[in-house]
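Peer 1: Its first residue numbered 217, the sequence shown is counted upward by one per residue in our numbering. C-beta: ideal position from N, C-alpha, C; glycine also. The structure under discussion is supplied below as structure tokens; questions concerning it will follow.
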Amino acid sequence: MPEPSPASVKFPFEKKAKKIKVLKFRLPDQVRDTETLMFDPLTQSLWLVSKREEKVRLYELPDFEEDTEGKAIFHQELPITYANGGDISPDGREILIKNYANIYYWPRLPSQTIAEALQRPPLRLPYQEEPQGEAIAWDSQGKGFYTVSEETDGAEAEMLFYAPLKKIAPDANDGSLAPRSPGFFGPTPTN
């Protein structure tokens with residue numbers, strides 16, 4: 217369903233979908249729990265990350281159309297376990313993947329695919345653990361990102377905004393990251 221414009225939405229927001237597009241796809245190896253779904257604005261492809269393996273698996277869905285079954289392409293394993301969220305920045309230059317304990321960050325050179333960028337070791341960002349942190353998303357300008365937890369054991373869901381505290385840039389030749397001290401992004405409650 218089309219995403220509403222944030223400027224036109226009053227909260228609480230409720231809208232009934234008239235028509236929902238269903239995208240069907242199949243993984244090339246087996247059925248897997250895949251909670252991480254990311255859209256690459258540079259190639260218009262979808263990227264999926266499995267959850268329950270010791271090393272999660274990265275898949276690409278380059279062509280997706282309504283009413284046809286797409287075939288996902290396996291690219292590689294990532295040294296992360298229990299991936300439960302991820303996002304690609306609006307300009308396509310930064311990638312985040314999280315699990316219950318960590319947020320991983322990769323810069324992406326303009327010439328790189330998502331799979332190529334994810335072959336580099338990630339930078340682990342500071343993360344304020346949530347009761348059950350299940351989602352991560354860049355803000356619409358790519359100037360920071362949000363994490364959201366589920367409601368658990370009567371505790372309300374929590375949303376945190378991580379604003380950049382330092383600018384980081386990949387090496388222009390190979391995309392590698394120089395070692396950095398913690399504090400690239402810092403959490404701020406949104407409520």
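State yes or no: is the C-beta of Pro295 within less than 9 Å of the C-beta of Lys271?
Peer 2: Your numbering for residue 295 matches position 79 in the sequence shown. Your numbering for residue 271 matches position 55 in the sequence shown. Contact flag set, yes.
Peer 1: Looking at the structure shown, is Ser327 part of a helix, part of a strand, or coil, going by DSSP?
Peer 2: One-based indexing of the sequence shown puts residue 327 at position 111. In the structure shown, Ser327 sits in coil (DSSP, three-state: anything other than H, G, I, E or B).
Peer 1: Is DSSP giving Glu270 helix, strand or coil here?
Peer 2: By one-based count along the sequence shown, residue 270 stands at place 54. In this structure, Glu270 counts as coil in the three-state DSSP scheme.
Peer 1: Could you have a look at Ala333 and say whether DSSP puts it in helix, strand or coil?
Peer 2: Your numbering for residue 333 matches position 117 in the sequence shown. Ala333: helix per DSSP, three-state reduction.
Peer 1: Closer than 6 Å by C-beta to Leu239: which residues in its own chain qualify, once you throw out the five before and the five after it? Chain order, please.
Peer 2: For the purposes of this step, residue 239 is taken as residue 23 along the sequence shown, with counting starting at 1. So the qualifying residues of the chain are Phe280.
Peer 1: Ordered along the chain, which non-local residues of its own chain (more than five positions away) have a Cβ less than 6 Å from that of Glu374?
Peer 2: Here the question's residue 374 lines up with position 158 in the sequence shown. Within the same chain, Glu374 has close Cβ partners Glu346, Ser365.
Peer 1: Report the three-state DSSP secondary structure of Ser365 (helix, strand or coil).
Peer 2: Residue numbering aside, residue 365 sits at position 149 when the sequence shown is read from its first letter. Ser365 falls in the strand class under three-state DSSP.
Peer 1: Starting from Leu239, trace the beta strand (DSSP E) in both directions and tell me its first and last residue.
Peer 2: Counted from its first residue, the sequence shown places residue 239 at position 23. Per DSSP, Leu239 belongs to no beta strand (DSSP E) and is neither H nor E.
Peer 1: Using DSSP with H/G/I as helix, E/B as strand and the rest coil, what is Ser224?
Peer 2: Translated into the one-based positions of the sequence shown, residue 224 becomes position 8. Three-state DSSP puts Ser224 in a helix.
Peer 1: Would you call Gln357 buried or exposed, if buried means 16 or more other Cβ atoms sit within 10 Å of its Cβ?
Peer 2: Residue mapping note: residue 357 aligns to position 141 of the sequence shown, counting from 1. Label assigned to Gln357: exposed.
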